[in-house]
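**Student:** Let me give you the structure first, and then I'll get to my questions.
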Amino acid sequence: MAIQYYQNLSDDVKGIFKLDTPNTSYVIGVVDEEKFLGHIYYGQRLNDYHLAHVLRIQEGPFVPSKNNRDRVSFLDSFPMEYPAGGLGDYRESCIGIETKGGNMGLALNYVSHKIIPGKPELCGLPSSFGKEDACNSLEILCEDPHTGFRAALLYTVFEDVDMITRSVRLINDGKEELFVTKVFSSCLDMDNHDFEAISLHGSWARERHIQKVPVSHGKLSIESIRGESSHQDHPFMALASKGTDQEHGEVYAMHFVYSGNFKVSAQSDQFDQIRMVMGIHPEGFKWKLMPGEEFQAPEVVMTYSSEGLGRMTRSFHDFYRNHLIRGEYKDKKRPILINNWEATYFEFDTDKLIAIAKQASELGIEMLVMDDGWFGNRCDDNRALGDWTVNEEKLRGGLKYLVDEVNKLGMKFGIWFEPEMISPDSDLCRAHPDWAIAIPGKEGSLCRNQYVLDLTRREVLDHTYESVAKILRSANIEYVKWDMNRQLSDIGSAFLPPEQMGELYHRYVLAVYELQRRMMEEFPYLLLENCSGGGARFDPGMLYYSPQIWCSDDTDAIERLIIQEGTAMIYPLSTIGAHVSDCPNHTVGRTTPFKTRGHVALAGTFGYELDVTKIPEEDREMIPEQVAMYHKYNDLVREGDYYRLASYHENHFYDCYGVVSKDQKEALYTFVQVLNRPNHHSRRIYFKGLDPDKRYRIEGEEEVYSGDVLMKAGYLIRNMWGDYKSRLIHLMEA
Ligand code: GLA
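So the sequence shown is residues 22 to 755, counted in the working numbering.
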């Protein structure tokens with residue numbers, strides 16, 4: 022059994038929950054007459070549950086039943102499992118309420134628990150899943166005796182991977198309405214192991230750059246209040262012990278299965294304890310809960326690795342591949358697509374698209390994706406969002422004609438939407454000026470000359486769904502790129518009552534989830550790719566609906582090395598939207614070899630974003646070879662274990678990463694020399710993930726090497742001449 026409850030371990034420790042994954046244990050205690058929930062341990066798997074002695078209740082302040090005189094000291098130092106604020110714990114709390122009388126403090130103490138086979142779904146929210154024999158869940162019910170406010174803490178442990186998920190359901194069991202002003206989904210109170218916080222920072226076109234900073238006294242927060250998970254910060258944090266690298270060191274990581282405002286923070290307190298919390302950002306959040314009503318907070322995915330960052334990465338990859346990504350394409354090779362955005366921007370028509378498709382199909386490309394500009398009066402990005410009717414001046418003969426022509430070439434057809442938006446210059450806005458999110462009576466702030474639709478209104482949501490579905494029903498469309506090109510601002514709704522305005526951000530995210538759920542239910546065969554001005558909504562919440570997400574609008578192969586390194590630190594390569602584009606690159610103006618662009622895009626979904634009728638002949642000639650390479654390696658890339666060998670982001674010269682099949686019989690490493698160094702003849706790389714006892718042949722070479730030697734003594738990459746050059750190294754068991 023992966024979840025056990027042991028009772029009466031000492032005078033003060035009334036019970037202990039022990040949760041085990043294959044290599045980790047997580048231990049919670051029920052403490053004192055008042056039944057505080059204390060966090061006892063998270064780390065390498067333990068073979069015993071006698072841990073009462075490590076709970077700090079005998080030093081300093083005793084438990085309140087013995088020393089109520091210093092209750093505040095107890096609350097402010099005790100390692101809490103789900104801390105509430107206002108009564109004496111001055112560290113970051115996980116929950117805040119405001120009663121009808123305006124009071125705020127509360128305590129959530131143990132009432133009861135149940136252990137459930139499998140994993141319950143979270144109402145209205147994306148969440149990981151597992152069959153009854155693959156995971157077990159623990160629900161601990163807590164209550165604030167003063168208000169009757171309850172919280173059900175849900176934990177799930179998995180049999181096949183070192184992951185624990187957490188979420189919280191709030192229940193107003195009192196007699197009066199109240200407001201929830203803050204709800205986080207997880208907390209870890211631990212001793213500080215000289216931790217460094219690892220997070221992913223960025224901007225448009227440079228998403229998810231890895232950032233490492235020491236955790237010192239005070240609080241380090243990573244957050245978004247943009248209404249989406251954002252380009253700038255990512256709902257992820259790892260605390261890594263000093264000196265952690267790919268193979269060594271302790272790592273505690275949290276990742277949020279949510280696509281809206283979030284906050285994750287690490288706080289080092291006066292006793293050198295660390296509190297790490299994650300959840301919905303409290304700013305702008307206030308949820309009204311009537312007696313009997315419940316609120317479900319989103320899920321946090323947590324992992325612990327005692328073998329460095331590499332193990333953390335592989336646990337996330339396995340977990341997301343097996344327990345979060347769903348649908349038709351979950352375990353399937355994706356069609357190689359060609360997208361016309363960087364090829365044509367808004368300047369296209371049926372003939373142009375068919376010309377691209379024709380040439381692409383001859384080269385082995387499998388799907389044409391028509392990007393922005395096919396609807397209403399969308400001649401540029403200043404207008405027409407919301408007018409989801411086909412522009413027949415551009416698409417002469419209509420959409421079905423175009424799709425049929427593309428299908429006749431043996432290609433699939435995909436389409437771009439930005440369903441959540443409304444342009445001021447659109448028929449939709451002229452008909453429904455109050456459908457945008459805006460502070461009533463005040464002109465809203467524009468971003469890319471557009472507003473966000475108030476999807477919290479049922480009629481707006483239904484209209485939006487029908488606009489998309491009508492197009493999808495009208496032709497054989499097999500792929501959707503769902504874009505979202507601005508952040509939320511001017512939070513206000515012509516629909517929500519004043520006391521519920523604080524619900525808008527979260528209701529908006531729930532509405533997006535509902536739209537995507539409905540779409541995937543009606544069109545289950547669709548390949549959905551989420552996108553947000555590149556990768557501003559690349560998060561596990563969206564991954565639940567779409568097996569791949571557009572990683573960044575920056576398609577430059579060198580910039581992508583850093584973006585894809587950060588993204589692949591958590592996400593499987595199969596989820597990372599990556600395309601070969603034309604040069605000079607449209608974002609940074611750099612020219613890189615076509616071959617390198619292909620190698621870098623191979624560590625993602627792989628596709629093209631260029632006008633294949635216009636690129637240089639020698640580049641076009643390379644496409645069939647790249648297509649063959651994709652077909653040859655994609656199973657390995659999609660299913661293999663990922664290893665990071667060298668980071669250009671850190672060393673400024675070269676990048677190297679690889680994927681190894683689960684049976685360790687095959688591996689593919691990618692080496693990119695970003696900058697050549699004068700008088701520097703070769704680079705030695707040390708392969709990772711091979712079986713030391715197996716012998717491997719490197720494709721193109723006669724010699725056979727032992728896995729042990731390749732990993733310990735390494736391999737020389739020779740004769741790389743020039744900048745931006747790349748090489749694939751393919752190993753097969755000999
Ligand atoms: C966003 C996307 C791009 C493209 C444009 C279209 O920026 O990330 O790929 O679809 O919108 O307007």
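Cβ coordinates follow ideal geometry from the N, Cα and C atoms, glycine included.
Check whether the segment 198-216 touches the segment 528-548, taking contact to mean three or more Cβ pairs, one atom from each stretch, closer than 8 Å.
**Tutor:** With a cut-off of 8 Å, the segment 528-548 and the segment 198-216 do not count as touching, because too few Cβ pairs lie within range.
**Student:** Starting from ASP212, trace the beta strand (DSSP E) both ways and give me its first and last residue.
**Tutor:** On the sequence shown, position 191 is the one that residue 212 refers to. Its beta strand (DSSP E) spans residues 199-212.
**Student:** Residues around ligand 1, please: the condition is that the C-beta lies closer than 6 Å to some non-hydrogen atom of it.
**Tutor:** Spelled out in chain order, the answer is TRP362, ASP392, ASP393, ASP402, TRP437, ASP504, ASN506, CYS552, GLY554, GLY555, TRP571 and ASP574.
**Student:** Looking only at its chain, what residues have a beta carbon closer than 6 Å to the beta carbon of ASP290, apart from the 5 residues adjacent to it on each side?
**Tutor:** Working through the sequence shown from its first residue, we reach residue 290 at position 269. ARG112, listed in sequence order.
**Student:** When you compare only the Cα positions, how much space is there between ASP280 and ALA376?
**Tutor:** Translated into the one-based positions of the sequence shown, residue 280 becomes position 259. Translated into the one-based positions of the sequence shown, residue 376 becomes position 355. The question names Asp, but residue 280 in the sequence shown is Ser. So the two alpha carbons sit approximately 38 Å from each other.
**Student:** With a threshold of 7 Å (Cβ to nearest heavy atom), would ILE24 be considered close to ligand 2?
**Tutor:** As far as ligands go, the structure on display features ligand 1 and does not contain ligand 2.
**Student:** Could you please give the first and the last residue of the uninterrupted alpha helix (DSSP H) stretch that includes CYS450?
**Tutor:** Indexing the sequence shown from 1 puts residue 450 at position 429. Its alpha helix (DSSP H) spans residues 448-452.
**Student:** Give the list of continuous beta strand (DSSP E) stretches no shorter than 3 residues that lie fully inside the segment 479-556.
**Tutor:** Correct list: 500-503 and 548-551.
**Student:** Can you grab the Cα-Cα spacing for the pair TYR350 / SER262, in whole Å?
**Tutor:** Residue mapping note: residue 350 aligns to position 329 of the sequence shown, counting from 1. Residue mapping note: residue 262 aligns to position 241 of the sequence shown, counting from 1. C-alpha separation (whole angstroms): 37 Å.
**Student:** Would you tell me roughly how many angstroms separate the C-alpha atoms of LYS140 and ASP632, rounded to the nearest one?
**Tutor:** Counted from its first residue, the sequence shown places residue 140 at position 119. Counted from its first residue, the sequence shown places residue 632 at position 611. Each residue's alpha carbon lies about 47 Å from the other.
**Student:** With three or more beta-carbon pairs closer than 8 Å as the criterion, would you say the segment 263-274 touches the segment 162-180?
**Tutor:** The segment 263-274, when compared against the segment 162-180, does not touch it at the 8 Å Cβ threshold.
**Student:** Classify ALA649 as helix, strand or coil using the three-state DSSP reduction.
**Tutor:** Within the sequence shown, the letter at position 628 stands for residue 649. Looking at ALA649 - three-state DSSP - the assignment turns out to be helix.
**Student:** Straight-line CA distance for LEU752 to GLY331?
**Tutor:** Counting from 1 along the sequence shown, the entry for residue 752 is found at position 731. Counting from 1 along the sequence shown, the entry for residue 331 is found at position 310. When rounded, the distance between both Cα atoms is 20 Å.
**Student:** Measure the beta-carbon distance from PRO43 to ASP154 and round it to whole angstroms, keeping in mind my assumption that it falls under 8 Å.
**Tutor:** Here residue 43 refers to the residue found at position 22 of the sequence shown. Here residue 154 refers to the residue found at position 133 of the sequence shown. No, PRO43 and ASP154 are not in contact; Cβ-Cβ is about 15 Å, not under 8 Å.
**Student:** Taking C-alpha atoms, which residue in LEU430, GLY587, ILE37 and CYS468 lies nearest to ILE219?
**Tutor:** Start at 1 with the first residue of the sequence shown, and residue 219 comes out as number 198. The option with the nearest alpha carbon to ILE219 is GLY587.
**Student:** Note down, in chain order, each residue of its chain lying with its Cβ closer than 6 Å to the Cβ of ASP97, except the 5 sequence neighbours on either side.
**Tutor:** As a first step, residue 97 is located in the sequence shown; it is residue number 76 there, counting from the start. Only GLY109, ASP110 and TYR111 meet the Cβ criterion.
**Student:** Across the segment 579-596 and the segment 617-634, are there enough close Cβ pairs to call them in contact, namely three or more that are closer than 8 Å?
**Tutor:** Counting Cβ pairs under 8 Å, three or more are found: they touch.
**Student:** With three or more beta-carbon pairs closer than 8 Å as the criterion, would you say the segment 409-425 touches the segment 388-399?
**Tutor:** A contact exists between the segment 409-425 and the segment 388-399.
**Student:** Check this for me: beta carbons of SER251 and ALA589, under 8 Å apart or not?
**Tutor:** Here residue 251 refers to the residue found at position 230 of the sequence shown. Here residue 589 refers to the residue found at position 568 of the sequence shown. Their beta carbons are not under 8 Å apart, which means SER251 does not touch ALA589 by this criterion.
**Student:** Using a Cβ-Cβ cut-off of 6 Å (strictly less than) and excluding sequence neighbours within five positions of HIS302, which residues of its own chain qualify?
**Tutor:** Within the sequence shown, residue 302 is the residue found at index 281, counting from 1. These residues qualify, in order along the chain: GLU244, ILE246, ASN282, PHE283 and LYS284.
**Student:** I need the DSSP call for LEU191, collapsed to helix, strand or coil.
**Tutor:** The count along the sequence shown starts at 1 and reaches residue 191 at position 170. If DSSP states are grouped into helix, strand and coil, LEU191 belongs with the strands.
**Student:** Looking only at C-alpha atoms, which of TYR529, LEU389 and SER444 sits nearest to LYS373?
**Tutor:** The residue labelled residue 373 in the question sits at position 352 within the sequence shown. When only C-alpha atoms are compared, the closest one is LEU389.
**Student:** Pairs of beta-carbons, one from the segment 193-204 and one from the segment 305-318, closer than 8 Å: are there three or more?
**Tutor:** Touching, yes.
**Student:** Is there a C-beta anywhere in chain D that falls below 8 Å from the one on ASP676?
**Tutor:** Within the model displayed, chain D is absent; a lone protein chain is all it includes.
**Student:** Looking only at its chain, what residues have a beta carbon closer than 6 Å to the beta carbon of ASP392, apart from the 5 residues adjacent to it on each side?
**Tutor:** Translated into positions along the sequence shown, residue 392 becomes position 371. Same-chain partners within the cutoff: ASN360, ASN361, TRP362 and TRP437.
**Student:** Which of helix, strand or coil does DSSP assign to PHE230?
**Tutor:** On the sequence shown, residue 230 is found 209 positions in, with the first residue counted as 1. Per the sequence presented here, residue 230 reads as His, with Phe not at that position. HIS230 falls in the strand class under three-state DSSP.
**Student:** Counting C-beta neighbours from all protein chains within 10 Å, is the total for LYS491 16 or more, i.e. buried, or is it exposed?
**Tutor:** Along the sequence shown, one-based indexing puts residue 491 at 470. Counting Cβ neighbours within 10 Å, LYS491 comes out exposed, since fewer than 16 surround it.
**Student:** Work out the CA separation of LEU260 and LYS616 for me, nearest whole Å.
**Tutor:** Here residue 616 refers to the residue found at position 595 when the sequence shown is read from its first residue. Here residue 260 refers to the residue found at position 239 when the sequence shown is read from its first residue. In a straight line, the C-alpha of LYS616 is about 37 Å away from that of LEU260.
**Student:** So what does DSSP say about ASP254, is it helix, strand or coil?
**Tutor:** In the sequence shown, residue 254 corresponds to position 233, counting from 1. Strand, per DSSP.
**Student:** For the candidate residues SER188, TYR26 and ASP69, whose alpha-carbon lies nearest to that of HIS134?
**Tutor:** Translated into positions along the sequence shown, residue 134 becomes position 113. Of SER188, TYR26 and ASP69, the residue nearest in Cα terms is TYR26.
**Student:** Return the Cβ separation of MET311 and THR324 in integer angstroms, given the expectation that the two are a contact with Cβ distance under 8 Å.
**Tutor:** Against the sequence shown, residue 311 aligns to sequence position 290. Against the sequence shown, residue 324 aligns to sequence position 303. No, MET311 and THR324 are not in contact; Cβ-Cβ is about 37 Å, not under 8 Å.
**Student:** Looking at the unbroken beta strand (DSSP E) that takes in HIS751, where does it start and where does it end?
**Tutor:** On the sequence shown, residue 751 is found 730 positions in, with the first residue counted as 1. Here the beta strand (DSSP E) through HIS751 covers 746-754.
**Student:** Who are GLY679's beta bridge partners in DSSP?
**Tutor:** Working through the sequence shown from its first residue, we reach residue 679 at position 658. The partner list for GLY679 (beta bridge, DSSP) reads TYR664 and TYR690.
**Student:** Using the DSSP secondary-structure output, state which residues sit across from TYR396 in a beta bridge.
**Tutor:** On the sequence shown, position 375 is the one that residue 396 refers to. The sequence as given places Phe at residue 396; Tyr does not occur at that position. PHE396 pairs with VAL411.
**Student:** Alpha carbons only, please: which of LEU696, LEU449 and ASN29 is nearest the one belonging to HIS484?
**Tutor:** Taking the first residue of the sequence shown as position 1, residue 484 is located at position 463. When each option's Cα is compared against that of HIS484, the closest is LEU449.
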